[in-house]
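Contents: one structure, followed by commentary.
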Amino acid sequence: MKNDNTKFQYKTELHQEWLAKLRDFYAEYKYIPTYDYMGQTFGIGAKSRVAKLIKLLKVGGFLEDGPDNNLMPGERFFEIAYTDAAVQAGDFTDSYSQTSGYMTVLDILIKKPSITRIRPVKGNSMSKKGILDGDMAIYEKRQNAAVGDIVIAILEDSDEVTIKELGKENGAHVLIPHNDNFDIIRNTNFRIEGVLLSSFRTY
27 MKNDNTKFQY
37 KTELHQEWLA
47 KLRDFYAEYK
57 YIPTYDYMGQ
67 TFGIGAKSRV
77 AKLIKLLKVG
87 GFLEDGPDNN
97 LMPGERFFEI
107 AYTDAAVQAG
117 DFTDSYSQTS
127 GYMTVLDILI
137 KKPSITRIRP
147 VKGNSMSKKG
157 ILDGDMAIYE
167 KRQNAAVGDI
177 VIAILEDSDE
187 VTIKELGKEN
197 GAHVLIPHND
207 NFDIIRNTNF
217 RIEGVLLSSF
227 RTY
């Protein structure tokens, strides 16, 4: 989901800096630190200043009170700035870019968290689809898939798992690789583990 950030305005650039430090802390330790810790380590100072910052972040939707009254990330805590200015993969383009709004990566990749799974890709049978060895596959765990979907399939004879395009030949479902060095998987019983949503890699 994209946010235009009209509901919340930073009072100062310092507030942006403190929120950035809080996000980095949470990314590493997976909890919101105490007022004392924030005051001392983030350079905010007195606990009263921390309280004002927390109030501001609550109003903005970045923090909220958990069921045990401890602070927890709010709806907007994980959002990051994005720009509509594309980066060229061919010729150079104007380097100017301006923040257009805010979004979270999860909003882009995951629609149904309860059935979403992630697993690593091994092998290059789908390289022409841009799915490479070592990538992480994000998929929805469900058995219904349409021809043309990229699926995670389990071969029933061996319990081996593969990622392929679901196809159909002569009325029978087949698993189609996207690499000329691999053959279409025919005459093999398999079941669908899930349907691919996206894949990603880190550098």
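Position one of the sequence shown corresponds to residue 27 (our numbering), numbered consecutively onward. All residues carry an ideal CB built from backbone N, CA and C; glycine is no exception.
Item to complete: Name the two residues that bound the continuous beta strand (DSSP E) containing residue 91.
Response: As a position in the sequence shown, residue 91 is number 65, starting the count at 1. 89-91 is the span of the beta strand (DSSP E), which, as asked, contains residue 91.
Worksheet item: If residue 208 sits next to residue 151, beta carbons under 8 angstroms apart, how far is it from one beta carbon to the other, in whole angstroms?
Response: For the purposes of this step, residue 208 is identified with residue 182 of the sequence shown, where counting begins at 1. For the purposes of this step, residue 151 is identified with residue 125 of the sequence shown, where counting begins at 1. Residue 208 to residue 151, Cβ: 4 angstroms. Contact.
Practice prompt. Flag this pair as yes or no: are the beta carbons of residue 225 and residue 163 separated by less than 8 angstroms?
Written response: Within the sequence shown, residue 225 is the residue found at index 199, counting from 1. Within the sequence shown, residue 163 is the residue found at index 137, counting from 1. Closer than 8 angstroms, so yes.
Practice prompt. Using beta-carbon positions only, say whether residue 220 and residue 166 come within less than 8 angstroms of one another.
Written response: Stepping through the sequence shown from its first residue, residue 220 is reached at position 194. Stepping through the sequence shown from its first residue, residue 166 is reached at position 140. Contact: yes.
Fill in: Burial state of residue 99, where buried means 16 or more other Cβ atoms lie within 10 Å
Locating residue 99 in the sequence shown gives position 73, where the first residue counts as 1. Its Cβ being crowded by 16 or more others within 10 Å, residue 99 is buried.
Fill in: For residue 54, the three-state DSSP class (helix, strand or coil)
Stepping through the sequence shown from its first residue, residue 54 is reached at position 28. Here residue 54 sits in helix by DSSP.
Practice prompt. Evaluate residue 19 with the Cβ neighbour count: other Cβ atoms within 10 Å of its Cβ, from every protein chain shown; 16 or more gives buried, anything less gives exposed.
Written response: The shown model of the chain, from 27 to 229, leaves out residue 19, and the question about it has no answer.
Discussion item. Just to confirm the assignment: which complete beta strand (DSSP E) runs, minimum length 3, are found wholly within the segment 189-223?
Written reply: 198-202
Fill in: 8 angstroms CB neighbourhood of residue 215 in its chain, flanking five on each side removed
Your numbering for residue 215 matches position 189 in the sequence shown. So the qualifying residues of the chain are 181, 182, 183.
Worksheet item: Does the distance from the C-beta atom of residue 155 to that of residue 178 stay below 8 angstroms?
Response: Mapped onto the sequence shown, residue 155 falls at position 129. Mapped onto the sequence shown, residue 178 falls at position 152. No; because the gap between Cβ atoms is not below 8 angstroms, this pair is not in contact.
Worksheet item: Where does residue 33 sit, in a helix, a strand or coil, going by DSSP?
Response: For the purposes of this step, residue 33 is taken as residue 7 along the sequence shown, with counting starting at 1. Only weak support is given to the placement of residue 33: the predicted model assigns it a pLDDT of 42, under 50, and the value that follows is read from those uncertain coordinates. Three-state DSSP puts residue 33 in coil, outside helix and strand.
Worksheet item: Which value, in whole angstroms, describes the spacing of the CA atoms of residue 48 and residue 129?
Response: Mapped onto the sequence shown, residue 48 falls at position 22. Mapped onto the sequence shown, residue 129 falls at position 103. So the alpha carbons of these two residues sit roughly 18 angstroms apart.
Worksheet item: What are the uninterrupted segments assigned as alpha helix (DSSP H) that are 4 or more residues long and contained completely in the segment 72-149, given in chain order?
Response: 73-85, 131-135
Worksheet item: DSSP on residue 182, reduced to helix/strand/coil?
Response: On the sequence shown, position 156 is the one that residue 182 refers to. Looking at residue 182 - three-state DSSP - the assignment turns out to be coil, as it is neither helix nor strand.
Worksheet item: Count the other CB atoms within 10 Å of the CB of residue 70; is the residue buried (16 or more) or exposed (fewer)?
Response: Looking up residue 70 in the sequence shown gives position 44. Classification of residue 70: buried, given that the 10 Å Cβ count is 16 or more.
Item to complete: Measure the alpha-carbon distance for residue 157 versus residue 67 and round it to whole angstroms.
Response: In the sequence shown, the residue the question calls residue 157 occupies position 131. In the sequence shown, the residue the question calls residue 67 occupies position 41. Computed Cα separation, rounded: 42 angstroms.
Worksheet item: In whole angstroms, what is the alpha-carbon distance linking residue 210 and residue 189?
Response: Taking the sequence shown and counting its residues from 1, the one referred to as residue 210 is at position 184. Taking the sequence shown and counting its residues from 1, the one referred to as residue 189 is at position 163. Cα to Cα, residue 210 sits roughly 12 angstroms from residue 189.
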